[in-house]
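K.L.:
Residue numbers (this note's numbering): 2 to 223.
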């Protein structure tokens, strides 16, 4: 095993600079950086076996790969699409389930006041969340199979990010509404559980949407 300190390893320095400049899903980023590290290391070793001095072999490998600054745009674009898909998937998986929960609470409400209030809240939130879900589903298609035939729209990641944010806001409002409605119904355990699930779902969707906004605002290559 090599005992070279990372600070004295040009490949490690190269990878560190590249990694610091990239943002996206942790696993996708780690896999991408590791692939670049392996490729760069293999290229350096190939030049070294051919008799090139180590320092020059590293410079040649970097020249072939491109500097970190040159690689960042194209790598970031790939990570941005990965984050867009993750955000879109979180919306499409959680929002329909939450709408079903809200509908169940609405139909199981006790008393005219609860029915009317629940209906108003459910209809408004379901409409907002449904639009966000449709956009997220379209984004999954555009960045999946369709991406092989059509170029992914440049503004799609930001649109998905804001769709996720909108869905997250709807979840916050739903959580507050459910908390207020809970004392008005005899089926309060169901309402309380739905409020907890909605709050947890908000955390997942909101964090993913926030990461997507950050990625969407970074420069990406063609």
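Note that beta-carbon positions come from the ideal geometry of N, C-alpha and C, so glycine has one too. From a predicted model like this one, the values you see are computed outputs, not experimental measurements.
Nearest-angstrom Cα distance between residue 35 and residue 66?
P.N.:
Mapped onto the chain shown, residue 35 falls at position 34. Mapped onto the chain shown, residue 66 falls at position 65. In a straight line, the C-alpha of residue 35 is about 14 Å away from that of residue 66.
K.L.:
Using 10 angstroms around the beta-carbon of residue 197, count the other beta-carbons present and answer buried if the total reaches 16, otherwise exposed.
P.N.:
The residue you call residue 197 lines up with position 196 of the chain shown. The residue in question, residue 197, is exposed, as its Cβ has fewer than 16 Cβ neighbours within 10 Å.
K.L.:
CB-CB under 7 Å to residue 69, same chain, minus the five flanking residues each way: which ones, in chain order?
P.N.:
As a first step, residue 69 is located in the chain shown; it is residue number 68 there, counting from the start. For residue 69, where only same-chain residues beyond five positions count, the Cβ hits under 7 Å are 15, 18, 19 and 22.
K.L.:
Could you spell out the range, first to last residue, of the alpha helix (DSSP H) harbouring residue 61?
P.N.:
Here residue 61 refers to the residue found at position 60 of the chain shown. Residues 55–66.
K.L.:
Does DSSP put residue 36 in a helix, in a strand, or in coil?
P.N.:
On the chain shown, position 35 is the one that residue 36 refers to. In this structure, residue 36 counts as helix in the three-state DSSP scheme.
K.L.:
Among 41, 210 and 51, which one has its Cα closest to the Cα of residue 63?
P.N.:
One-based indexing of the chain shown puts residue 63 at position 62. The option with the nearest alpha carbon to residue 63 is 41.
K.L.:
Please name the residue, chosen from 101, 213, 43 and 79, that lies closest to residue 32 on a Cα-to-Cα basis.
P.N.:
For the purposes of this step, residue 32 is taken as the residue at position 31 of the chain shown. Nearest option by C-alpha distance: 79.
K.L.:
Would you grab the beta carbon distance between residue 165 and residue 213 for me? Rounded to a whole angstrom, and I think it's under 8 Å.
P.N.:
What you label residue 165 is simply residue 164 of the chain shown in a count that begins at 1. What you label residue 213 is simply residue 212 of the chain shown in a count that begins at 1. That pair is a contact at about 6 Å.
K.L.:
Let's test the definition: count the other Cβ atoms within 10 Å of the Cβ of residue 59 and tell me whether it reaches 16, buried, or not, exposed.
P.N.:
Within the chain shown, residue 59 is the residue found at index 58, counting from 1. It is buried - the Cβ of residue 59 has at least 16 other Cβ atoms within 10 Å.
K.L.:
Which residue marks the beginning of the alpha helix (DSSP H) containing residue 11, and which one marks its end?
P.N.:
Numbered from 1 along the chain shown, position 10 holds the residue referred to as residue 11. Unbroken alpha helix (DSSP H) run through residue 11: 11–22.
K.L.:
If you measure between the beta carbons of residue 141 and residue 89, is that distance less than 9 Å?
P.N.:
As a working note, residue 141 is residue 140 in the chain shown. As a working note, residue 89 is residue 88 in the chain shown. Yes.
K.L.:
Kindly indicate which three-state DSSP category residue 144 falls into: helix, strand or coil?
P.N.:
Mapped onto the chain shown, residue 144 falls at position 143. Three-state DSSP puts residue 144 in coil, outside helix and strand.
K.L.:
Go ahead and label residue 25 buried or exposed: buried means 16 or more other beta carbons lie within 10 angstroms of its beta carbon, across all protein chains shown.
P.N.:
In the chain shown, the residue the question calls residue 25 occupies position 24. Counting Cβ neighbours within 10 Å, residue 25 comes out buried, since at least 16 surround it.
K.L.:
Got a sec: does the ligand GDP put a non-hydrogen atom nearer than 8 Å to the Cβ of residue 74?
P.N.:
In the structure shown, the ligand GDP is absent, as is every other ligand, since no ligand is present at all.
K.L.:
Going by CA-CA distance only, name the one from 100, 128, 202 and 13 that's closest to residue 38.
P.N.:
Locating residue 38 in the chain shown gives position 37, where the first residue counts as 1. For residue 38, the nearest C-alpha among the options comes from 13.
K.L.:
Would you call residue 95 buried or exposed, if buried means 16 or more other Cβ atoms sit within 10 Å of its Cβ?
P.N.:
The residue labelled residue 95 in the question sits at position 94 within the chain shown. Buried, by the Cβ-count rule.
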